[in-house]
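Peer 1: The numbering of the sequence shown is the working numbering, which starts it at 134 and goes up by one. Each residue gets a CB set at the ideal place from its N, CA and C atoms; glycine is no exception.
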Amino acid sequence: MNELALSSRSGDPAAADACLFGLSLCAGAGGIDLGLTIACPGYRTVCYVERESYAAATLVARMEDAALDTAPVWDDVGTFNGRPWRGAVDILTGGYPCQPFSIAGQRKGAQDPRHLWPHFARIIGECQPEWVFLENVANHLNIGYREVRCELEELGYGVTEGLFTAAE
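This is the structure in structure tokens:
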């Protein structure tokens, strides 16, 4: 994607009823976005970032069948610029890759090339949303979480963590 077109809160008819605008990093198939839409009918995703082509194709298909909000899909969290989104998003959501922390992975933490937290931290700092909602594997609390918590606190966020089942 070479150009960035921001949705205007006032000019977009679908945004008229929205009260919470989200930026979805490592969006996958849009599960977090769908969950927020169900939990908060006023939620609207204004941009997805997803590099995996299969997941991005699923996002597009779910936009076409109206299961997800229509929004641009950026293909690389490493090149995504959060600055234009400052003031346009209220919440940043994401599930960065779990392999650096997962028991099933090699647990290399920051040494794993799939470690994308530094990009998340940069983008959070650039767009400064009011809220940040992140998900990852349970073992992340043992590997790498301290760094995430400290950086979020340095950015001015209060942090609450928890372990939840899918049913919760």
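Would you mind working out which of 298, 195, 251 and 215 sits nearest residue 155, comparing C-alpha positions?
Peer 2: Measuring from the Cα of residue 155, the nearest candidate turns out to be 215.
Peer 1: Where residue 143 and residue 295 are concerned, what is the direct C-alpha to C-alpha distance, given to the nearest angstrom?
Peer 2: Because the pLDDT of residue 143 is 39, which lies under 50, any placement of that residue in the model is unreliable, and the number read from its coordinates should be weighed accordingly. Whole-angstrom Cα-Cα distance: 36 Å.
Peer 1: With the cut-off set at 9 Å, would you say residue 256 and residue 225 are in Cβ contact?
Peer 2: Yes. Within cutoff.
Peer 1: Consult DSSP for residue 137 and reduce its assignment to one of helix, strand or coil.
Peer 2: Per-residue confidence for residue 137 stands at a pLDDT of 36, beneath the threshold of 50, marking its modelled position as unreliable; the derived number appears in the next sentence. Note: residue 137 maps to coil in three-state DSSP.
Peer 1: For residue 153, which three-state DSSP category applies?
Peer 2: In the structure shown, residue 153 sits in a strand (DSSP, three-state: E or B).
Peer 1: Helix, strand or coil for residue 167? Go by DSSP, reduced to three states.
Peer 2: It is helical.
Peer 1: Using CA atoms only, rank isn't needed, just tell me which of 297, 251 and 289 is closest to residue 264.
Peer 2: It is 289.
Peer 1: Sort 179, 202, 189 and 159 by Cα distance to residue 171 and report the nearest one.
Peer 2: Nearest option by C-alpha distance: 202.
Peer 1: From what residue to what residue does the alpha helix (DSSP H) around residue 125 run?
Peer 2: Any question about residue 125 goes unanswered here, given that the chain covers just 134 to 301.
Peer 1: Is it buried or exposed, residue 229, if we count other Cβ atoms within 10 angstroms and call 16 or more buried?
Peer 2: With 16 or more other Cβ atoms within 10 Å, it is buried.
Peer 1: Classify residue 161 as helix, strand or coil using the three-state DSSP reduction.
Peer 2: Reduced to three states, the DSSP call for residue 161 is coil.
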